[in-house]
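Protein chains in written order, with our numbering: chain A, 1 to 229; chain B, 1 to 88; chain C, 1 to 927; chain D, 1 to 424. We put the CB at the ideal spot given by N, CA and C, even for glycine. Because the structure is a prediction, the values reported are computed rather than measured. Input: a single structure, listed below in structure tokens.
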Amino acid sequence: MAEVSVEVSATDCTDLAKVLVRADPGGALAAALDVPFGRAVRDGNDALVVRTAPDAWLLLAAADLATPLVRRVEALGAGEFASVVDVTHGHALARLTGTTAAVVLAKLCAIDLADPATPDGNTFRSLVAGVAVTVVRDDARPGRLTAGSAGATPAGGRDARPGRLTVSPTASLASLDRSDALGSAGATPAGGRDAERERSYLLLCDRSYRQYLRDVLTDAGEEFGLAWT
Amino acid sequence: MVLLPCPHCGPRDAAEFGYVGERAARPDPGAATPQQWRGYLYLRRNPAGWADELWLHRAGCGRYLAMSRHTVTGDIRAVRDAATGGAD
Amino acid sequence: MRLDGQPGEVIHRGTPLTFTWNGRPYPAFAGDTIGSALAAAGERVFSRSLKYHRPRGLLTADGNDPGCLVQVDGEPNVRGAHRRVSAGMAVTAQGVWPSLRFDLKALNRLAGPALSTGFYYKTFIRPRRLWPYYERVLRRFSPGGRVPSPSSPAGRYEHRYAHPDVLVAGGGPAGMAAALAAAEAGARVMLVDDQPALGGHLRWGGPDGLAALAQLRAAVAAAGGIEVLTDSVVTGQYEGGLVAVVQHGLPGLTERLVKARPRQLVAAAGLIERPYVIAGNDLPGVMLSTAVRRLINLYAVRPGARAVVFTANDDGTAAAADLARAGVDVRRVVDARDGGDIVRVRGRGGVRAVECGDGSVVRCDLLVTAVGWTAPTGLLTMTGGRAAYRAGAARFVPTELPDGVLATGGLVGDGTLAELIGHGRAVGQAAARRAGRTAPASPVPDLVPAPHPELFAGRTNGFVDFTEDVSTKDLAAAVAEGYDSIELVKRYTTATMGPTQGKLEAVNTIAVVAAATGRGIPETGTTTARPPYAPVSLGALAGRNYQPVRRSPMHDWHVAHGATPLVAGAWIRPDHYGDPAGEVRAVRQGVGIIDVTPLGKFELRGPHIPDLLELLYVNRWRKLAVGAVRYGVMCTEDGVVFDDGVTGRLGEHRYLLTATSSGAEAVGEWLERWLQTERAHWRVHVVPMTDAYASINVAGPRSRELVRRLTTGIDLSPEAFPYMRVRLGEVAGVPDCVVWRIGFTGELSYELHVPAGNGLRVWEALLATGVDLGVRPFGVEAQRILRLEKGHLVVGQDTDGLTQAYSAGLDWAIKMDKDDFVGKPELAWQRVRDGQVVLVGLQPADPELVPPESSQLVEGDRRIVGRITSSRFSPTLDRSIALGFVAPDLAEPGTVVTMLLPDGRRLPARVMPQLAHVDPEGKRLHG
Amino acid sequence: MKLRRSLPRPARYSGFGLLRHALGGAPWPPVWRRHDLRDRYDVVVIGGGVHGLATAYYLAANHGVNNVAVLERGYLGGGASGRNTAIIRSNYLTPEGVAFYHRSVRLYESLAADLNFNVMFSQRGHLTLAHTDSALRTMRWRAEVNKLQGVDSSLVGRSEIGSLVPHLDVSDRPRFPILGGLWHPPGGIVRHDAVVWGYARGADAAGVHLHQDTEVVGIDVTGGRVQGVRTNRGRIAAPAVVACTAGWASTVCDLAGVALPITTFPLQAAVTEPVRPFLDTVVVSGTRHVYVSQTDRGELVFGAAVDPFPSYSSRGSLEFTEGVAAHVLELMPALAPVRILRQWAGLCDMTPDFSPVMGPTPVEGFYVDVGWGTYGFKAGPVAGETMASLVATGKTPDLIAPFDLARFTDGRLVGERGAAAVGH
Ligand SMILES: Cc1cc2nc3c(=O)[nH]c(=O)nc-3n(C[C@H](O)[C@H](O)[C@H](O)COP(=O)(O)OP(=O)(O)OC[C@H]3O[C@@H](n4cnc5c(N)ncnc54)[C@H](O)[C@@H]3O)c2cc1C
Ligand SMILES: NC(=O)c1ccc[n+]([C@@H]2O[C@H](COP(=O)([O-])OP(=O)(O)OC[C@H]3O[C@@H](n4cnc5c(N)ncnc54)[C@H](O)[C@@H]3O)[C@@H](O)[C@H]2O)c1
Ligand SMILES: Cc1cc2nc3c(=O)[nH]c(=O)nc-3n(C[C@H](O)[C@H](O)[C@H](O)COP(=O)(O)O)c2cc1C
Ligand SMILES: [Zn+2]
């Protein structure tokens, strides 16, 4: 029998480091992080900086990087009232990837996932199967932030894009990938199903919902043979 | 489902929000008479028209919002983050 | 009778199949509806009417057919003239006894006149005691199919969200044209039609229609960006522009509810043909022109042998032509436009003759009427659109569309096919433009309803509402009795309240009421259209019915070790592991561990934390040293106890606040509320940490020993780490743990907050390390007993929605000398008010007796003077213990109160000197 | 229109009467008549729902006060009284509440005979399901208070529940398994429109003027005393005005300058297509926010808790039917193919303690009978009886004394949330 093409897969990435930053949106730390609300940007140190609220950021990084990340960010905000808290253990994290990832998610979540509304690099917090979930569309390097691994960069993806800013690793967590330039505004069918493009979403929720999130994604993805990797 | 405009997140399903109540000034707890205090606790304008309300974008940005909402038509004429003062 | 091949037929003659009707096998072809297959086999009666149990047959031959509601396997009220047959399907008639053919309930007909409108209200009044028996009889006559048996397997349903730019409801020529034009402009389009294929009336409308249909279908298939949903019905538009679509016929799914939020909705639902109201109009064999055209052209079924056609429009004429082509003997065409009329249909169990206005009687077995159309404006008015009566066209037309909605096709007006398509295209372009696409701004051409005679009801008394059995006479009687507004008529007669919801009968109802009141149709007005536009199954509405569940990191361990689950809000917790009393003893004598992960936890950062705590708790916080812990009680502004918990100071500007498991979410929001609204200038960050820590309480005299074996970096000696202190350190090799010395159980105990990913590791390490200490896991039930022995109150159990802090015995915590705190004024007044109930410890005189919680305390016959809020058998004291509220005059220790048990016994209990039953001095705790 | 001096007795309804009318073909006389507006009434009742009509009826029937007008903005019973799920019960939580609703159930039991109008009160039993320990505890509390007040009410276990309602899933499978229930045999349902029409017919017969399409747009108050009302049809002088306007209580009382502890929330309901009788009792699940009964016509009538935010709009939401369906299927999974036919909403005047507000106001002569929230239909008869007594005699009946408006300024709330938050 021919190979079964898996249209969508999911990975549990709960072990990744997560650091919450709370700071004045008008302050120095906010300026250094330089990620607008609703966007997620990769910094020079392989952390994904997700702006989750007007005064909050969530940094995702490889599993062992929480403590250095906290220190680094604390240094950025020295002198102002800011809180940097390691919340690695507070959240479950899953990555949903595939050509039908958006269709699967559209069974669970009311937000428009089509490109014009939720292009690559966008993030929102909304209800997914009744639970508040932070969703990050992160197509370009689906292999980058997975369970525990820091490196494994897949072929293609955003890295290959010309014009990428290079920032020295010691520099601030300034934006690396200004994803504004990304994401085509091309028409997708009304249901958001786009057979050509592979998409990838990070889904972050309170840790106690870890199994629940897994169960609902499995259920919603059954139609497309969703497999957990 | 009704869409509510969050000043941060944009229009979202009402299911993501929590209605807190009409906004009312808290009397000085040291000086208030029982009548004044209980007016604050219990009496409501409950207008069939524009109401000044406090909402929480619970499953979104987590911010409290001051909203001027029409209780008959559902229109919203003003909304802002409750932490930022502003024309009420 | 089945005809030879028809050009537009949708049956697949190559795929014959068999299904059963009332237990007997019937042939059909794939593509047949239940109704068409039965009609092809010569059946004419499919159901019995609601009140009089009159035989009913096909009337509209589509999903609205009131005569063809049938039971299909376990599914009641299936639209038999819409549902496709499948092999082996078991179809039965509904609500008949003993059989459809011989229905004894038809005896009701004899009582006919007495069963007139409102008869229920006028009878069975006396004697009162007989009413329940009457009622039982009435219920026996209620209509409808049977619900499946409790054990029958459920179907599979799901939901999906969609965000098309344009959603087109109705896939007739106008709708298809609109979808095409919108898609050409780059809009993402969802095109929805409730029929199994696109085409609307073109499907059965003759050769020209079929040719045009083929073109349109090809264009839709070729266009990019149109998602076509057939066999799918738009069931309504809701506030916020939400459009619900129920999709049928998907592989592996019973139904799917699509929740679409289009930027524009285009309503292109076409028209619904209206029946004519005269005597005998419900006899099997009376059909609408569209019904016979569907039967002939789609299903190749000859609807009768000899027909009379009564028409007021071209569709009737076309139907007559179709009939003739199908070999039906068309005995007479009575044309209303030439002054023709029909007065009465004669027959019993079926049409036998039609009595015409000129007095002639024409024998036939089929009466076809074509007397006009109803525009399904309900789809628009249910979200705020308006419709008005257009006398010249004899129908209501939309006059005001809701925001974000456009309409085209028959819903708006009539025209040639080219005009319909032209209008549809222009509307489609407009929709695309409104959705933000660029489309040519061609003007939308006029589409006006064609002139039509006003033909609603003839001179004789006929059925207006077929599913409710409401006649002209009933409506007139209601008006005469004073129920003269359309809303009252509706409610008194139930006209339009049945399964078709007025789609067929609303306008006729209005017309008859208008005639009876002399008020005219516009003044009479319509009743309110409400969703759903078409009935929706509970299964589709529920979808997958996901129910969030929260689990602690140790959840699987509990399950593997035989824990009985306890549903606690969203959490599942171990209630006990088989022996709660044994678990209690383990804690009192050795050491036990409990998973308390759901405990609310918040990390607070910032300089204004003491201000916040002072404001939100009734007690004092300013002097809390680093490493110290305090218990706090929160009230709402009305002085009612809201939550309690301990807070520890971990650093200069860093605190960890805990809240009850059930109150965690509300407390988090409460903190944010004060910080974001009333005290926005305070610098405090609240970080929810409930899920970040697995929480384990280690309790019992040997807890210190157990914890000592696993901790590094913390001096556990009583001097270095006394009661109500908190430390940071490493437990079982896990860094960043928070170790509290607190005790809800009344024992020496430590609460460990472990980074959640390591929760299970620490849990297992505690059990492994403490074997020699007799360590045991204990569950929520043991904890409840332990805390009750210790007299700790549980907010929400030992308090209720009106319990103010003084009643809860929290006097010691309340610091009235603070300038302000939430709830202070009310508590100040409560303190000086008389008659406040008080929470006390209680012990039944009979130590074996555990009074059920909520047993009342009474005085005399029925005066309530208190209630038991918590009670358990204490394994430690070997007797029953309780907490309860008592009136203030009974609060004196030693007072004997009377408990009234649910079984009626009245037994004494004694008021204790304090809430704690075990170790009131707190020696064990402090040890 | 000329007013007739002597009032004709309405034709009596009975099986014989029905036959006579059917055979003789004589039409039934109107149940109520239209009148011109008088410029003065002894009592003006605002609101033609069950409360307003019952108040007017008892004023005339019990106290001989019949120069009374009921002013209704729309059609009779077009407010919450025409759109409620018609559940009648008395298994409340507070002794005050239980005594009050108990009297109402008693009145309902004889209402058909008293009004000579069959209101189809069906005492089929009312079953509230508990899915949590705390719900069970509250139910036992209710049962104990109920019994002390002579109300039949008791806790039942799973097996009894399973035999009362075979379609309920009483296994451990559901996410929130059924642990037990509160069984209240005298509870049941009534034909809500019939109650409204029965009172209207009775009031009309006793001389009360029922004015439909008559909206109160102003209330005249001078010197702290009510003088009358202004309507879209003209001014009416009256020494006593009673507001029975439920969802619109705040807007109407605002006209008299009376502030209320009320917020208006929509409450939604839905019916299914008829199915053969299979559900003999009213089934309620507070934890799962849903309740259901089957009418004699076979439809299932569903209700839930009020909408999550206030509104004066009576449009229904998809969210509501989704929630109802999800919860009903959790309880009775076999109902998946049953279809919802129609959904609607009514307005509920919610108070902080889930108890009504009845009695005098700071404006002399201006009375309120409001705050009926989601539970006031069952209270129609007793509220009418007691309000009529108060207005006619000036003395507050004991049954309603605890529910006065002043309790909010005095801090004497009557906490019924535990028994009334379910939404009926
Ligand atoms: C969906 C739903 C389900 C419910 N289920 C139950 C239940 O099962 N059991 C139960 O006991 N209760 C139930 N209730 C509550 C119950 O329906 C109400 O509490 C009760 O009907 C209130 O009756 P009323 O006569 O006070 O008010 P209404 O019936 O609302 O009458 C008030 C009237 O005042 C009129 N009005 C308003 N303003 C003016 C004005 N300015 N001038 C003139 N007229 C005016 C309105 O038009 C209205 O007709 C339910 C309510 C709803 C909405
Ligand atoms: N409709 C007729 O029976 C008929 C007959 C002869 C001529 N005409 C002419 O054609 C015009 C109608 O053409 P049209 O394209 O507007 O209508 P149409 O009747 O051809 O097509 C409307 C389609 O919408 C579907 N529909 C209706 N409500 C729906 C819902 N809620 N969800 C999903 N699908 C739904 C119908 O089943 C139908 O397939 C009329 O104005 C008339 O001039 C119509
Ligand atoms: C107990 C009850 C049962 C009802 N049953 C039906 C019904 O079988 N069919 C129907 O169409 N409407 C039914 N309704 C709803 C009414 O048609 C109507 O929607 C409701 O009274 C609200 O009025 P409105 O929709 O005109 O605003 C019922 C209403 C109630 C309160
Ligand atoms: Zn927001």
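(Q) Please report whether the beta-carbon of T11 of chain A lies at a distance below 9 angstroms from any beta-carbon of chain B. (A) no
Q.
Is P116 of chain A close to chain B? Criterion is C-beta to C-beta, closer than 9 angstroms.
A. no
Q: Figure out for me which residue from C:A441, C:T399, C:G422 and C:I421 has the closest Cα to the Cα of A430 of chain C.
A: C:A441
(Q) Let me make sure I understand the geometry here. Which of C:A516, C:G569, C:H558 and C:E487 has the alpha-carbon closest to that of F176 of chain D? (A) C:G569
Q.
From the DSSP secondary-structure annotation, give me the bridge partner or partners of G841 of chain C.
A. C:L883
(Q) Can you confirm whether N67 of chain D, when its beta carbon is compared against all beta carbons of chain C, has any partner nearer than 9 angstroms? (A) no
Q. Between the stretch 736–755 of chain C and the stretch 711–725 of chain C, are three or more C-beta pairs nearer than 8 angstroms?
A. yes
Q. Could you give the distance in angstroms between the alpha-carbon of D638 of chain C and the alpha-carbon of L616 of chain C?
A. 13 angstroms
Q) Relative to the C-alpha of A478 of chain C, which residue among C:A418, C:R491 and C:E468 is closest? A) C:R491
Q) Which whole runs of the alpha helix (DSSP H) in the stretch 185–261 of chain C are 4 residues long or more, in chain order? A) 207–222
Q) Mind pulling the chain D residues with CB within less than 8 angstroms of A78 of chain B? A) What A78 of chain B touches in chain D: nothing, since even the nearest Cβ is about 17 angstroms away.
Q) Under a Cβ-count criterion, where at least 16 other Cβ atoms within 10 Å of its own Cβ denotes burial, should A234 of chain A be classed as buried or exposed? A) Chain A is shown from 1 up to 229; residue 234 of chain A falls before or after that span and cannot be answered.
**Q.** Cβ of W50 of chain B within 9 angstroms of any chain D Cβ
**A.** no
Q | Proximity test, L271 of chain C beta-carbon vs ligand 2 heavy atom, cut-off 8 angstroms | A | yes
Q: Considering only heavy atoms of ligand 4, list every residue whose Cβ is less than 7 angstroms from one of them, following chain order.
A: B:C6, B:H8, B:C9, B:R12, B:H57, B:G60, B:C61 and B:R63
Q. Mind checking if P356 of chain D is an interface residue toward chain C, Cβ cutoff 9 angstroms exclusive?
A. no
Q) With a CB to CB cut of under 6 angstroms and the five nearest residues on each side skipped, what residues in its chain are close to P20 of chain C? A) In the sequence as displayed, the identity of residue 20 of chain C is Thr instead of Pro. If we look at T20 of chain C and ignore the five residues flanking it on each side, its Cβ neighbours are A90.
Q. With DSSP run on the structure shown, which of helix, strand or coil describes A383 of chain D?
A. helix
Q: Report the option in D:L111, D:E144, D:E299 and D:V65 whose CA atom is closest to the CA atom of G198 of chain D.
A: D:L111
Q) Taking C-alpha atoms, which residue in C:L599, C:R325, C:I594 and C:A916 lies nearest to L767 of chain C? A) C:I594
Q. Assuming V73 of chain A and T123 of chain A make a contact with CB atoms under 8 angstroms, what is their CB distance in whole Å?
A. At roughly 18 angstroms, the Cβ-Cβ gap does not stay under 8 angstroms, so V73 of chain A and T123 of chain A are not in contact.
Q | Length-filtered (3 minimum) beta strand (DSSP E) runs lying within the stretch 165–216 of chain D | A | 180–184 and 209–211
Q: Put F224 of chain A into one of helix, strand or coil per three-state DSSP.
A: helix
Q.
Mapping the DSSP letters down to three states, classify R776 of chain C as helix, strand or coil.
A. strand
Q. Nearest to H163 of chain C by alpha carbon, out of C:P173, C:L827, C:A187 and C:R146?
A. C:A187
**Q.** Status (buried if at least 16 other CB within 10 Å, exposed otherwise) for N232 of chain D
**A.** exposed
Q: Rounded to whole angstroms, what's the CA-CA distance from S380 of chain D to G286 of chain D? Just pull it up for me.
A: The sequence as given places Gly at residue 380 of chain D; Ser does not occur at that position. Those two C-alpha atoms are separated by around 23 angstroms.
Q.
What are the residues in the stretch 828–844 of chain C lying within 8 angstroms of chain B by C-beta distance?
A. W829
Q. If the cut is a Cβ gap below 8 angstroms, which residues of chain B does L260 of chain D touch?
A. L43, R44 and N46
Q: Compute the distance between the beta-carbons of V70 of chain D and A205 of chain D, then report whether it is under 9 angstroms.
A: no
**Q.** Buried versus exposed call for A406 of chain D [16 or more other C-beta atoms within 10 Å across all chains shown]
**A.** exposed
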